[in-house]
Each structure stands twice: as C-alpha cells, then as structure tokens.
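Residue numbers (my numbering): 1 to 197.
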C-alpha cells in the first residue's frame with residue numbers, strides 16, 4: 001500500500017505556517033487537509049511528527065484549536081487568540097538534563113496528542129522573536145496560504161511564483177492590454193458625401 005501524497009500546494013514552511021496551510025483554496029474551492037479522511041496522518045508525516053503523536057482525535061482537536069489561534073493572531077492579533085495560543089503552550093514545556101553526551105533538551109507534553117500543536121505554537125513564538133516582518137500572507141487576495149520569507153531582499157510576495165505569482169502577472173498584463181485597447185481612439189468614419197461643384 002502506498003503512502004498518501006500531501007495534496008497541499010505549499011509545503012515545507014515552518015511548522016506553524018505549515019499547520020495554517022492545511023487550509024487552502026484550489027481551482028474548485030476551499031480545502032481543509034485536517035478535515036479529509038486520512039488528512040491528519042498525511043500532515044503528521046509531512047511535518048515529521050508521525051512518530052511522536054498518534055493519529056487520534058486528541059491530536060486533531062489540539063491542532064484545530066492551535067490552527068484557529070494562529071490564524072486569528074495572523075489576521076487580527078485578537079486578545080482571545082493570544083489566550084488560545086497560550087492555552088496550547090500550557091500543555092508542554094522544555095526540560096533540560098545532562099545526558100551521556102552532554103546537555104540535552106527534551107520536549108514534554110501532557111499527552112503525546114498535544115505534542116504537534118505545542119511544537120507549532122512554540123515555533124511560532126520563535127518566529128516572532130526572530131523576524132516577525134518575514135511572516136507573510138500570499139499577495140494574491142484569493143489565496144490564504146502563508147510563508148516565511150527567507151529571500152535575501154525580503155521581498156517575496158507570493159506563496160508560489162509558479163501559481164499565484166504567474167496568475168497575478170497574467171491578470172495585470174491582461175488589464176494593461178485591455179486598458180490600452182479601450183484607449184485607442186475610434187477612427188472617424190470616412191466622409192462619403194460627394195464634393196459640391
């Protein structure tokens with residue numbers, strides 16, 4: 001049996017953005033990977049968390065709550081969203097210890113099902129500490145995908161140049177061409193009257 005492929009148009013972003021990108025808009029409407037049969041397992045594998053959390057209702061519920069908080073924080077920064085994210089963060093912690101090879105940091109969560117949501121929330125805090133201006137939503141108004149801009153100039157605008165970027169450029173080109181066509185003056189009709197003698 002083959003492993004199901006992640007159907008999302010944008011994968012590989014930092015964990016909190018990758019979680020937010022489990023909702024997207026395709027050519028035929030909105031999608032939600034976590035609402036699809038087998039979608040949680042697909043996302044856990046894609047995020048590298050399949051071995052640390054069960055594909056179970058507790059994991060899904062924790063991820064849905066955290067995704068809602070992240071989305072609301074990114075859109076509005078609302079106080080209740082901050083409280084929701086802090087509620088997720090209360091389910092886990094880092095524990096430091098001295099291992100055989102030296103200092104170690106271990107993630108502990110109340111239950112294994114909270115681990116992916118906690119890691120996404122904790123990673124979001126690190127992104128905010130590092131460079132929050134690089135957290136972006138695709139410039140295509142019809143797209144809901146988010147990314148972390150790692151370009152040297154910090155000028156990335158699109159989730160993907162191949163999809164949203166090209167669509168936007170095509171629309172702009174088409175609008176300019178239409179505008180030029182609308183501005184072409186109509187040539188006056190030729191005068192068909194006979195000259196008077």
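Where is the CB? At the ideal position from N, CA and C, for every residue including glycine.
Item: Residue 11, DSSP secondary structure in three states; Value: coil
Item: Closest by C-alpha distance to residue 118, when choosing among 62, 82, 136 and 151; Value: 62
Item: For residue 144 and residue 75, the rounded distance between their alpha carbons; Value: 11 Å
Item: Contained alpha helix (DSSP H) runs [length at least 4] in the segment 83 to 156, N- to C-terminal order; Value: 115 to 130
Item: Range covered by the beta strand (DSSP E) that runs through residue 24; Value: 23 to 26
Item: Buried or exposed by the 16-neighbour rule on C-beta atoms within 10 Å, applied to residue 98; Value: exposed
Item: Pairwise C-alpha distance: residue 136 and residue 73; Value: 12 Å
Item: Three-state class that DSSP yields for residue 55 in the structure shown; Value: coil
Item: Whole-number beta carbon distance between residue 4 and residue 38, since they are thought to touch under 8 Å; Value: 6 Å
Item: CB of residue 49 within 8 Å of CB of residue 40, strictly; Value: no
Item: Cβ contact check for the segment 148 to 164 and the segment 124 to 139: 3 or more pairs under 8 Å; Value: yes
Item: Length of the line joining the Cα atoms of residue 113 and residue 130; Value: 27 Å
Item: Reference residue 120, options 161, 71 and 7, closest by Cα; Value: 71
Item: Residues that DSSP places opposite residue 30 in a beta bridge; Value: 25
Item: DSSP three-state assignment for residue 35, whether helix, strand or coil; Value: helix
Item: Buried/exposed call for residue 56, threshold 16 Cβ in 10 Å; Value: exposed
Item: Neighbour-count burial assignment, residue 67, 16 or more Cβ in a 10 Å radius; Value: buried
Item: Given residue 162 as reference, the closest of 140, 150 and 92 once Cα atoms are compared; Value: 140
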